[in-house]
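Read the structure below first, then the notes.
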Amino acid sequence: MMDFFEQQDHAHQQSRKLLFLFFLAVIAILIAVNVSLALIWKWAFAFRTHGHPDYPVGFFYVNTAVTLLFICGGTLFETFRLREGGDAVAQMAGGRLVMPSSTDVKERRLLNIVEEMALASGIACPRVYILDREDAINAFAAGYHQNEAVVAVTQGSLTRLTRDELQGVIGHEFSHILNGDMRMNIQLIGVLFGIQMIAGFGQELMYWASQIFSSRDREEKGPPIQLVVLVVGAALFVIGYVGIFFGRLIKSAVSRQREFLADASAVQFTRNPETIGGALRKIGGLTRVNQCGSRIRDPRAEQMSHMFLGAARPNLMDGLFATHPPIEERLQRVYGRHVDFLDASEIIDPAHQHDVQDVIVNANAHRFGQSSGGDAMQAGASLTTAFGQHSGQTLPTAFAASDTANAQIAGTSELTSATTPVATSHGIDPVILSAARDARAADALVFAMLCDATQTAVYQSQLALIARISPEKATQTDQLLHHLDTMQGSPRLPLLDLAMPALKQLSPPARMDLLSFCAKLIAADQRMSQSEFVLQTVLERRLGPQSGRLVKVRYNDLRTLKPEVVQLLSLVARSHPHDQDASAALVRAGALLPELALTEADLIASTTVDFFVIRQALEKLNQLAPLAKPFLIKALMAAASVTPSSMQESAMSASMIDLIRAICAALDAPVPEVTALGS
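Counting from 1, position 572 in the sequence shown corresponds to residue 587 in my numbering; the numbering is continuous, with no gaps.
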């Protein structure tokens, strides 16, 4: 865990390094522009005046101002254009969004792998894109924050890699998500665009000059205006390509070591060097065939090259200026020895047997009128309609009648014997898994998780609230709740992470309406339980208006937030069934935070634990410096463990695991490895 937070801190340092290099690049371009234009001025007007012509008033100020306008304006423009984060970057690269409920075998395999990685790391499941026009082996992760990350892979990765190799590629990209590289990578796209704006302006000047057919008087001395404009354009074009030089320098400075780290993380995630190693060996093998096994044909590839798994373009400037380390060096670090490249021919049947079964489950679960890969707006139509019709038009509901909802649930029940990798490893009912992947059912799954069938009166009032939105949605919620009951004793919070791609098809106003409605369901019994607090905390952090924004660091030391730490540790400690267990839990946690000098007297009484105060404490604790968070999480893990002897194994009850996952989500931290009691 410490490695993760160290890398988060390193990412902040790299961002400052990026800003410094950008400043140097701008200074170099400003000097080059002013020197070039000064020489051109002397050349163009030396024949028209006697001696050395004077420069106009403000000549260098104007040159500097116009150059800065292009660079800064271009950077701001491109950054604004990519304000949607990962989705905007994936679409810029020509990506196609893969619907979470897709039944295509290759797409299902990819989605399964992404889901498995998300569940293991405890982050929201990223949306997935495929670059259909790219036959090479490559991939990237993009986004401003892990809550709105996307993963994009090329078509060649789907057809040329085995399941294990594709898992290594996805593990590599998850490293970039967890280590905080994505935000810097998007910022770098904007910076490079601004730097290269000068080249674009010079190219336009050359075009205008070629279209000007000017004549001059016989008495006029010096070069014609057309030639002057052409020379100015050519000079700016060359100077602009100094920006590419600096762009390469900047990208190589901030990305090469990150690729080594991501390769190592992929091995750590998959526990098998053959995963990412096999993918890299096939990139090397494909390079022997087409000179660049990771080549990206898209015209924006140069601007985005630092984001990809492998070099998007052949490296004309190897060594210091290469955006990626050589494949041979990466393989040497992965295997610890020299290995040969592999053949990267397309695989006839790349599907894993479990993924084929998963496709069967999804196909049957959605055979009652649900699209497996349709338009995102259509797939999320029922959600938008249910929460206020923000789109300004009437959209069809997901289910026309309650018997359709029953049919959908019944249809999947017939296949409960079929297993999928995600369902099998996490004990998730296939019906529930299908609902989490479907934009038309994900909201009902959230409602079912918030409803309490053990209190008949409260449950009926909750169903009545849902029925006001849609009677069919209330029936669907009731059906899903019965399937959730089969997961007693299992953590439920991973379901929310799986449902995130489907829920994020909602528009921002519709997301806010969903969160507001969930708050009404929680308030139905005039109290908030711990499970409700957990679900609401994760929903707000994943879907709220601040979910995709980086939290500013305001505190460097846990000592400045001791009251908040005590609140959080008391919440975890009081989750144990007995008072003596709670006291012992706080003592165990305090031993890991000696600077706070915690004692049993600091333990807050269970009757005074206030979830509103806890939420405020989490907001402050999320503003801790990255290197301060691991100490807090280790203390929380110690408090959550059943006994001191189980601290190494981190054995916890299902409800405690959900609580820890919720806290980690609120702190933007990965979930430590834990074991459910009895598993």
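The beta-carbon is built from N, C-alpha and C at its ideal position, and this holds for glycine as well.
Do residue i and residue j have their C-beta atoms closer together than 8 Å?
i, j, result
"residue 167", "residue 100", "no"
"residue 204", "residue 306", "no"
"residue 146", "residue 177", "no"
"residue 530", "residue 547", "no"
"residue 359", "residue 301", "yes"
"residue 297", "residue 245", "no"
"residue 459", "residue 495", "yes"
"residue 537", "residue 478", "no"
"residue 580", "residue 619", "no"
"residue 345", "residue 276", "no"
"residue 522", "residue 250", "no"
"residue 557", "residue 515", "yes"
"residue 292", "residue 152", "no"
"residue 604", "residue 650", "yes"
"residue 192", "residue 138", "yes"
"residue 342", "residue 174", "no"
"residue 179", "residue 290", "yes"
"residue 646", "residue 576", "no"
"residue 36", "residue 265", "yes"
"residue 155", "residue 131", "no"
What three-state label does DSSP hand residue i in the structure shown?
i, result
"residue 158", "coil"
"residue 397", "At residue 397 the pLDDT is 37, less than 50, meaning the model places this residue with poor confidence; the figure from the coordinates comes in the next sentence. The answer is helix: DSSP assigns residue 397 an H, G or I state."
"residue 323", "strand"
"residue 74", "helix"
"residue 422", "With a pLDDT of 35 at residue 422, under the threshold of 50, the modelled position of that residue is not reliable, and the figure given next carries that caveat. Three-state DSSP puts residue 422 in a helix."
"residue 312", "coil"
"residue 297", "helix"
"residue 106", "helix"
"residue 433", "Residue placement at residue 433 is flagged as unreliable, the pLDDT there being 33, under the threshold of 50; the coordinate-derived value follows with that caveat. In the structure shown, residue 433 sits in coil (DSSP, three-state: anything other than H, G, I, E or B)."
"residue 621", "helix"
"residue 281", "helix"
"residue 565", "coil"
"residue 614", "coil"
"residue 267", "helix"
"residue 356", "coil"
Below 8 Å CB to CB, which residues in the same chain sit around residue i once its five sequence neighbours on both sides are set aside?
i, result
"residue 674", "545, 549, 586, 587, 590, 655"
"residue 288", "282, 349, 350"
Per DSSP, what are the beta-bridge partners of residue i in this structure?
i, result
"residue 111", "145"
"residue 639", "570"
Which same chain residues, not among the five before or five after residue i, have their C-beta less than 7 Å away from its C-beta?
i, result
"residue 409", "With a pLDDT of 28 at residue 409, under the threshold of 50, the predicted position of this residue should be treated as unreliable, and no value is reported."
"residue 158", "100, 101, 164, 165, 197"
"residue 563", "100, 159, 160, 162, 163"
"residue 315", "107, 108"
"residue 571", "640, 643"
"residue 85", "212, 213, 216"
"residue 126", "113, 115, 117, 143"
Go to residue i, then tell me how far its beta strand (DSSP E) extends in each direction, as first and last residue.
i, result
"residue 167", "165 to 169"
Here's a check: name, in chain order, each residue in its chain whose Cβ is nearer than 6 Å to the Cβ of residue i, leaving out the five neighbours to either side.
i, result
"residue 214", "252, 255, 256"
"residue 218", "252"
"residue 89", "208, 209, 212"
"residue 284", "186"
"residue 122", "113"
"residue 304", "none"
"residue 511", "553"
"residue 633", "681"
"residue 53", "none"
Over the uninterrupted alpha helix (DSSP H) stretch that includes residue i, give me the two end residues.
i, result
"residue 340", "Neither: residue 340 is in no alpha helix (DSSP H) and is coded neither H nor E."
"residue 493", "486 to 499"
"residue 470", "Note, residue 470: premise wrong, no alpha helix (DSSP H); not H, not E."
"residue 178", "178 to 193"
"residue 547", "545 to 558"
"residue 462", "457 to 465"
"residue 239", "First-last for residue 239: undefined, no H or E at that position."
"residue 222", "212 to 226"
"residue 503", "Element bounds for residue 503: n/a, residue is neither H nor E."
"residue 127", "120 to 136"
"residue 307", "Element bounds for residue 307: n/a, residue is neither H nor E."
"residue 585", "577 to 588"
"residue 657", "Neither: residue 657 is in no alpha helix (DSSP H) and is coded neither H nor E."
"residue 537", "523 to 537"
"residue 599", "594 to 606"
"residue 512", "508 to 518"
"residue 685", "Unbroken run through residue 685: none, as it is neither H nor E."
"residue 451", "445 to 452"
Please tell me whether residue i has its Cβ less than 8 Å away from any Cβ of chain B.
i, result
"residue 136", "In the displayed structure, chain B is absent; only one protein chain is listed."
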